[in-house]
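Numbering (the working numbering), first residue to last: 155 to 323.
Below you can see the structure in the form of structure tokens.
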């Protein structure tokens with residue numbers, strides 16, 4: 155299992171120098187250690203989880219987003235309610251597992267499903283021609299979103315490496 159920290163550091167809860175540096179630079183947080191420990195212990199009984207990759211963990215106000223490698227979401231879904239209950243036992247929040255992808259439309263669909271965006275565009279910004287995503291959602295469906303606009307932008311940037319602006323038209 156590949157986690158955001160070394161497995162040994164997670165198990166012992168004592169961080170090596172590189173992992174400590176990640177913590178000090180806010181690349182990871184305490185939740186990475188706790189969730190990593192839960193996943194490692196759960197994988198001892200469920201060997202099919204030993205191949206998953208946890209790329210990032212984002213802790214928002216009411217949801218924890220766990221960014222997984224491609225094809226790993228199915229394995230987490232297979233773990234079912236038992237894993238979800240273990241995670242909620244640590245922190246009583248909703249958990250959303252998201253697969254890494256390079257396709258912005260697929261990611262946005264996964265994040266806002268069942269809502270369908272009106273449009274998704276890649277914008278090139280001068281002077282350095284950096285990319286930004288612009289996603290338009292029908293304003294009548296804003297109340298149906300299960301994720302805040304801020305969380306949408308944070309998760310999109312974490313997965314795609316591109317800032318996303320969500321607007322309601």
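The beta carbon of each residue, even a glycine, is placed where N, CA and C say it ideally should be.
Item                                                                                                                         : Value
CA nearest to the CA of residue 245, picked from 224, 215, 222 and 289                                                       : 215
Cβ distance (whole Å) where residue 204 is taken to contact residue 197 below 8 Å                                            : 5 Å
Closest residue to residue 249 among 228, 261, 223 and 211 (Cα-Cα distance)                                                  : 211
Minimum C-alpha distance to residue 318 - residue among 183, 178, 279 and 243                                                : 279
Collapsed DSSP secondary structure at residue 166 in the structure displayed                                                 : helix
Neighbourhood of residue 311 by C-beta distance below 7 Å, restricted to the same chain and skipping five residues each side : 317 and 318
Given 8 Å, three or more beta-carbon pairs between the stretch 247-266 and the stretch 282-300                               : yes
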